[in-house]
Structure formats: structure tokens, C-alpha cells
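Sequence order for the protein chains is A and B. So the first sequence is numbered by my numbering: it starts at 1 and just counts up by one. So the second sequence is numbered by my numbering: it starts at 1 and just counts up by one. Where is the CB? At the ideal position from N, CA and C, for every residue including glycine.
There are 2 protein chains.
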Amino acid sequence: MITFENDFIWEVDDKINSAMKDAFEKILDEKEKGISGYFTLGNDSLPIMEAAQAYAKTNAFVKKSDTIVVIGIGGSSLGTKAIDSIFRYKYKNIKKMLFLENPDEIDFSEKMEKIVKEKTLFIVVSKSGSTIETISIFKEIIERFSLDYAGEDKEQLIAITDEASVLHQFAQYYGIKSYLIPKNVGGRFSVLSAVGVVPLTIAGYDVKSILEGASTMVERFFNAKENHILKKAAFLSVYKKQTPINVVFSYANCLEDFTKWYVQLWGESLGKIDKHGNNTGLTPIGHIGSVDQHSFLQLIMQGPRDKTVTFIKVDNFEKEIKVPNISLKFIEKTDYINGYSFNELIDGECEATKESIIKEGINVDGITLDVLNEKNIGKLILYYELLTSLCGIMLGVNT
Amino acid sequence: MITFENDFIWEVDDKINSAMKDAFEKILDEKEKGISGYFTLGNDSLPIMEAAQAYAKTNAFVKKSDTIVVIGIGGSSLGTKAIDSIFRYKYKNIKKMLFLENPDEIDFSEKMEKIVKEKTLFIVVSKSGSTIETISIFKEIIERFSLDYAGEDKEQLIAITDEASVLHQFAQYYGIKSYLIPKNVGGRFSVLSAVGVVPLTIAGYDVKSILEGASTMVERFFNAKENHILKKAAFLSVYKKQTPINVVFSYANCLEDFTKWYVQLWGESLGKIDKHGNNTGLTPIGHIGSVDQHSFLQLIMQGPRDKTVTFIKVDNFEKEIKVPNISLKFIEKTDYINGYSFNELIDGECEATKESIIKEGINVDGITLDVLNEKNIGKLILYYELLTSLCGIMLGVNT
């Protein structure tokens, strides 16, 4: 379960109500006309997931592989990486995932040390099929591992791309397995298309539950059961000049890559010239509490009042660790936290921080996941995608 | 060598010149009166480094240990972690470093799996000596590993803290090795004090060269040979309302933790109520090129014009990787980059991005490291510390 709350300080007048109504109709229209395809990925990707599952079970090479290397950048890797980072700790016996994103010589060399050719499945992901970083890294992989993509090593390769792209043509020509990204799903909205579904399914993750969560969120939203998304989009749009920055504080280390995905989605979708020719956009910043809270909190409170703040927290982690009942001589003043769990400590900091920010009159909203499971993450992904679309509509930009 | 360039679009009038002169005098005064102690750490920390080196060579436990666990948060860990992340690839035979920062149950549990008590040195870092996250994690470590801190395991522990803090008293009482942080060095300016110097020296890094780089930068600055720092601080202060956000794009993955250190330094030092009672501050954002460039660039160009952008790049990495001369059927249009190195590809993107941003009239500056060595990183750390102090002076806040 995810709960959403906000304490926005504003008055919703008729004009805002009517803008929300218009935005809802516009997004409904985009869904029904198939202008944007991400809404239905929760269902549309089920057959892709099943196909990938079947492939993983039957293909001899995939069966023996223990590592998946995803070659892709931006929207082609960030979402997949975010999900891998969140659930990795739960699954010890699934395939390892490595991401080759930046053609960074040091990072690349470090990762190469971890790859054993005979055990590695390479998945090349590029919507256009010719992303320069991705194809250059792919070439280096071919050279380094003498990858006979036209012959005996072709089962070590999968391509994920748009239909009829140059990468798709390449894959078809040589009989390399490929999966397609729907044309009406933009790169940064593509995590629940083949882009994320195929590598995560083959790795062994419970993709079905993620897709279920996504479908649930979409259904609830279009049945007017998640109107807070509409309100948040309206609030952010109305106050775009006053608070152009949205800071997301995630109180869980494993959500760090998720915040990177959000920053990308938000920045690239909303930073655009609007229909009146004006520069428009909301600047996203991702932080991890409590680590970053020590520094950034002060900036939020004492710095310019140009920020809204979103707190994401998890109520229960599966691994509870309690601060032991130890009293250290001279450091007894920290004993008040003894017996509480680490998560209660973090949670307490999150709540205290939130309250002090609210007291300053800064606009805040909160997202609480009861547990860190696949369904909740599917919902959270769709929440952010819907929010981004709605902000775009209300800001008058084409996301 | 580091080179700095800027293309700020502004006119420096007498008022700005006089503000720069005043700021220079004020920072000189802070240095000479010892109000702030970070300026001289390049020299002051040499004896600490030597002591730590001697300790590492003679102490039986430290000699046999292969892992250092740093328990600390914010200013007590970010800088050390940044340096470890930058140079880790160069040294394969030094001690492994793990950082326990956030009391995050999943992250903590994952890291615990990597720790073998008999081979691990625990370093507790807290300026105040009673940071709640740090001491709580320390207690859990004591419990989990049955760490007899008062008796036979005391050699597995080092404390780094302010003189006479509760942690210092604790260490002294039980005869636990401790190193002190100078009182006049703030937490977020403390990376080159015992905070970073002790763990990095014991791990096996070339701390001497980092300190040398730091000293060089300070000396050059106070001899008026790095006046661009003063100019950048003046520019950012004068245009604090127009461009309150500074985005740092580092074109090297291993600088990611460095940008986190910068975000902390900048945010916490400059986000403050100024001497006139106004909310003041510059919002820092750290990104990695070319990964984040794909999304954030559009926001910078088409979004609100509230940002300055700093590009950090490295001319030569030690590991050159060239895009092989492979032509993939149907994807031939990517062949123009064949034969160029990964770094040339990234560098080309950096330059193209910079040019297109400059063309839009957005203010940009560049920092180029010829190589990624210790001396350059020492300089870069001091560059950012000096810049932060100067911005603080010019914004009228107490950093």
C-alpha cells in the first residue's frame, strides 16, 4: 500500500478546478487515442514478460548465464537499474546485473573485470537504435570478448529497440533475438516496456507484481481515486515561478537510483519551451535522508524559498535492526534511542524534518510505502509518470 | 595541472571590484587570525599523516587488517568516500574501505555480509562525538561483532573527533587510539584534517600528494594567482537572484561522490539567513556527464534561466579505450567515432554541450584536470572550499 498526503498552502479557486478538469480530460484523451502508450504497459507488457520468461527457461545459453550486462544510457537503463537496486537485496540467487551506460574508461574497465564471457548475456537497449554511447560500448564488447554476433555467440545477445530501427534491422539480419519498444512510449517513460521488463524478467525478478502495481495505479487514477496527483500537478504548475525546484528526499538508500530515474523523467519531460514560447520547467533534485538531510535541510529552510519538498519513506523494511541496549561511558546522551530500530530512527528524523519544514511555511508532500515490495514500486513508477504528464499538460509543454 | 576558465557575461564595475577586494581581505584575515583552520591543513595535517603511517606500520592488528570501516555521516564521511571513489581503481592492493553512514537497515545488512571481524579496523568519526546515527551504528557494530572495546579488541578501533568531546573522553578512558579534528575546522571543511587523512593514509592512499595539492592551491590563491575564484564568487553573489542554482557536470563516473561532497559543502555553508535577516543561498546540483546530460541539458536550455553550469573534465585517463574499428550492418552511421577513445567521445559531448549552453546565453565555467591524480584532487578540494568561503563572505552569511 502507498499513501499520499500533502499540506499545500493554497486556495483552489474555480480557475484551478477547471484547469484540473481540463487536464484530466486531456490525459484521458491521450490514453484513449493511444497518443501516449505508457498508461497500458501494465497489461501490454504481460505477454512480453511471458515471452521473456519462456525464453529464459528454454534457451540453453540464457539458462547457464549468471550475469546480465545491460548496455544502454538514460531512459534505456535508469529505470531498470532503479528496480535492480531496490530489490537486489531480496534475491540472492538471481542473475547479477551490470549496467554499461557512460563510455567512461575507468568505470568501464572496472566492470570488465567482473565479466566472464561464457556466463554473460549482453542486452543492448536503444530506442533509436543508434545511440552513440551505447553502440560504441557495444562495439568494444564485441572486440574485447571476440563476440561472434553473426555466428556462434548470437545467443549471448538480445536487442531492445523500436521497430525497424537500425538496431532492429541489424538484429533481424543476423537472427539475433530482439524485443520491441512501442512507438508511442517515450524513452523516459519506457521502464515498464520491453526496456525494463525483458532484462528484469530474465534476471529473475517478480516483474508481474510490478506490472500489476502499475495497472492498479492507472486504473485508480482514471477512476478518479487518486485525485491528489491532479492536485499536486496543479499546485506545482500554479506556483512554478515561486517554487521552481522540487526536492525529493527518499529515506532509503536503495531508492537512490529511483531518484535518479525521477530526476531524468522530470527534467527531460518538463524542461521545455511552452506553447507560448516561454522557457518552462521544474527543476528536480534527488536526495537521500538522513545522509543528505544534514546539509540540504538548512538550505531548504534558510536558503531562498524556491523549493517544494517531497518525502518518500518506507514503514517496514524486512530486516529490522535495533539499536542495542548499550550505554557507552561519556556518550550516554545517545541512549534515548536504544531499543528503537534503525528505521524508527530514520523515520523519526524524516518526521521531525518534515514538521520543521512545514512550520517554516514551505510546501511539502509525503509518500509512504508500507513495505518495499514490487506492487508498491509499480504504483510509484506510474504515480511519477502520471504526475509528469499532468504537470506537462498544465505547464503547456509537450512531455 | 588544473585549468579554470569562465565565460561569464557581465561587466565588472568599481563596486564589484571593491567587493572582491574586501572579500579577499576578509578571507586573508580569517586565515591569519586562525578563525577558520582549513587553509593550512595541507601543512598541519602532515604530522597526522606521518603518525597514521607509523601506526599502520607498527600496529599488529592494523597490519593484518584488510578492510577499513568508516562509521560517520555527512562531513565525517563524504570527503573520504569521494577520494576513495576517485583513486580506488589505481590501487588494487590497499585496504578495502566501507562507509556506514545512514542507519539504513538494508544497506547496513548488505555491508555486514562483507565484514570479517578479524580483518577489519573500525574508525568512528564524529566531530561532536555524539552524532546519533554514528553512535547508534557503532553500538550495533559492538553488539554484532562482540567487540570488546574495553579490552582485547581495542586495537580494532580508532576514534576521530574534537578534543574533549564525549567520544574523545570515551576513547581516552579505555585507551582507544584517537586523532583530533582542529576546533577551527568545520565539519564540512574537514576532509583534509584527521577525518580524511587518517583513514585514507591507513588504507594506503598517497595522502601526501593530496595535501601538497591543497597547499599549492592555498598559496597560489593568497598570492593572487587564482583570482578567478574571487571573480566566480562575485559573479554568483551578484546574480544570486537571477541564477540561484549551480549545476556541476562531472564528466567522469568516479567523481560522483566528489559532487556529493560539493553539494554538501555548498548547500550547508551557503544556505543561511544573511546578516540582514534574509534567506540566502545558492542551490547546488551534481550531475555526471554524459549520462545525466541527456535529460538535464534540455532543462538547462529550455527550462527557466535560473542556472549557472560548471563543467569538470579530465583530459587523460590512465586506461585508454578506443572504439574499435567495427562497422555494424545498418548502424554504419555511428562509425564516425571509430578509432576515437571513449574519453574523446565524452570530451566531445562535454564541449558540444558547453558550446550550445553558451550560445543560449547561459553562464558557464569549466575546470579541466590534465590527469586524475592526487595533487589535482587536493587542489580541486581547496578550490571548492575557498570558493565556498568567498561566496559566503559576499553573500553576507557565516559559512
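Where residue i meets chain A, residues with beta-carbon distance less than 8 angstroms
{"i": "B:Gln-302", "result": "Gly-271, Lys-272, Ile-273, Asn-279, Thr-280 and Gly-281"}
Beta bridge counterpart(s) of residue i as assigned by DSSP
{"i": "A:Asn-279", "result": "A:Ile-273"}
{"i": "B:Tyr-179", "result": "B:Ile-160"}
{"i": "B:Met-97", "result": "B:Ile-68"}
Residues that residue i contacts on chain B, provided the C-beta gap is smaller than 7 angstroms
{"i": "A:Thr-409", "result": "This structure gives no information on residue 409 of chain A, because the portion of chain A shown stretches from 1 to 399."}
{"i": "A:Lys-319", "result": "Glu-105, Ile-106 and Ser-109"}
{"i": "A:Lys-114", "result": "None at all; the shortest Cβ gap to chain B is about 13 angstroms."}
Delimiting residues of the alpha helix (DSSP H) encompassing residue i
{"i": "B:Ala-150", "result": "Per DSSP, B:Ala-150 belongs to no alpha helix (DSSP H) and is neither H nor E."}
{"i": "A:Gly-348", "result": "342-359"}
{"i": "A:Phe-235", "result": "227-238"}
{"i": "A:Ser-165", "result": "Careful: A:Ser-165 lies outside any alpha helix (DSSP H) and carries neither H nor E."}
{"i": "A:Gly-79", "result": "78-87"}
{"i": "A:Ser-295", "result": "293-302"}
Residue span of the beta strand (DSSP E) that contains residue i, given as start and end
{"i": "A:Thr-40", "result": "Premise fails: A:Thr-40 is in no beta strand (DSSP E) and is neither H nor E."}
{"i": "B:Ser-250", "result": "245-250"}
{"i": "B:Lys-313", "result": "307-316"}
{"i": "A:Thr-120", "result": "120-125"}
Backbone secondary structure at residue i - three-state DSSP
{"i": "B:Lys-322", "result": "strand"}
{"i": "B:Ile-5", "result": "Inspection of the sequence shows that residue 5 of chain B is occupied by Glu rather than by Ile. Here B:Glu-5 sits in strand by DSSP."}
{"i": "A:Leu-372", "result": "coil"}
{"i": "A:Phe-221", "result": "helix"}
{"i": "A:Ile-288", "result": "strand"}
{"i": "A:Thr-201", "result": "helix"}
{"i": "B:Gly-366", "result": "strand"}
{"i": "B:Pro-47", "result": "helix"}
{"i": "A:Phe-138", "result": "helix"}
{"i": "A:Leu-328", "result": "coil"}
{"i": "A:Trp-10", "result": "coil"}
{"i": "A:Leu-192", "result": "coil"}
{"i": "A:Asn-253", "result": "helix"}
{"i": "B:Glu-113", "result": "coil"}
{"i": "B:Leu-173", "result": "It should be pointed out that residue 173 of chain B corresponds to Tyr in this sequence rather than to Leu. Looking at B:Tyr-173 - three-state DSSP - the assignment turns out to be helix."}
{"i": "A:Thr-402", "result": "The displayed coordinates of chain A run from 1 to 399. Any statement about residue 402 of chain A would go beyond what the structure contains."}
{"i": "A:Gln-53", "result": "helix"}
{"i": "B:Gln-242", "result": "coil"}
{"i": "B:Ser-17", "result": "Per the sequence presented here, residue 17 of chain B reads as Asn, with Ser not at that position. Correct three-state label for B:Asn-17: helix."}
{"i": "A:Thr-399", "result": "coil"}
{"i": "B:Ile-35", "result": "coil"}
{"i": "B:Lys-333", "result": "helix"}
{"i": "B:Asp-22", "result": "helix"}
Beta-carbon proximity of residue i to residue j, cut-off 8 angstroms
{"i": "B:Ile-285", "j": "B:Val-247", "result": "yes"}
{"i": "A:Ile-135", "j": "B:Ile-160", "result": "no"}
{"i": "A:Phe-4", "j": "A:His-287", "result": "no"}
{"i": "B:Leu-345", "j": "B:Ser-193", "result": "no"}
{"i": "A:Leu-230", "j": "B:Gly-281", "result": "no"}
{"i": "A:Gly-213", "j": "A:Lys-375", "result": "yes"}
{"i": "B:Ser-65", "j": "B:Phe-99", "result": "no"}
{"i": "A:Ile-357", "j": "B:Glu-105", "result": "no"}
{"i": "B:Ser-389", "j": "B:Ser-36", "result": "yes"}
{"i": "A:Tyr-262", "j": "A:Tyr-383", "result": "no"}
{"i": "A:Ser-215", "j": "A:Asn-43", "result": "yes"}
{"i": "A:Ile-73", "j": "A:Asn-102", "result": "yes"}
{"i": "B:Lys-177", "j": "B:Ile-202", "result": "no"}
{"i": "B:Ala-23", "j": "B:Ile-393", "result": "yes"}
{"i": "B:Thr-308", "j": "B:Thr-243", "result": "yes"}
{"i": "A:Gly-75", "j": "A:Arg-144", "result": "no"}
{"i": "A:Val-62", "j": "A:Ala-56", "result": "yes"}
Cross-chain neighbours of residue i in chain A, by beta carbon under 9 angstroms
{"i": "B:Cys-391", "result": "In chain order: nothing, as chain A lies at least about 12 angstroms away."}
{"i": "B:Cys-350", "result": "Going along chain A, no residue has its Cβ under 9 angstroms from B:Cys-350, so there is no contact; the nearest lies around 12 angstroms."}
{"i": "B:Lys-359", "result": "Result: empty, since nearest Cβ-Cβ is about 15 angstroms, beyond 9 angstroms."}
Neighbouring residues, chain B, relative to residue i (Cβ below 8 angstroms)
{"i": "A:Asn-363", "result": "Those do not exist, as A:Asn-363 stays about 15 angstroms from chain B at its closest Cβ, beyond 8 angstroms."}
{"i": "A:Gln-242", "result": "The premise fails here: A:Gln-242 is roughly 12 angstroms from chain B at the closest Cβ pair, so nothing lies under 8 angstroms."}
{"i": "A:Ile-135", "result": "Leu-328, Ile-331 and Thr-334"}
{"i": "A:Asn-253", "result": "Asn-102, Asp-104, Ile-106 and Asp-107"}
{"i": "A:Lys-117", "result": "Correct list: empty, because the minimum Cβ distance to chain B is about 16 angstroms."}
Chain-ordered chain A contacts of residue i [CB-CB under 7 angstroms]
{"i": "B:Lys-333", "result": "Ser-130"}
Partner residues on chain B for residue i, Cβ-Cβ distance less than 9 angstroms
{"i": "A:Asn-343", "result": "Pro-103, Asp-104 and Glu-105"}
Can you list, in chain order, the residues of the region 212-229 of chain A whose Cβ is nearer than 8 angstroms to any Cβ on chain D?
Of the protein chains in the structure, A and B, none is chain D.
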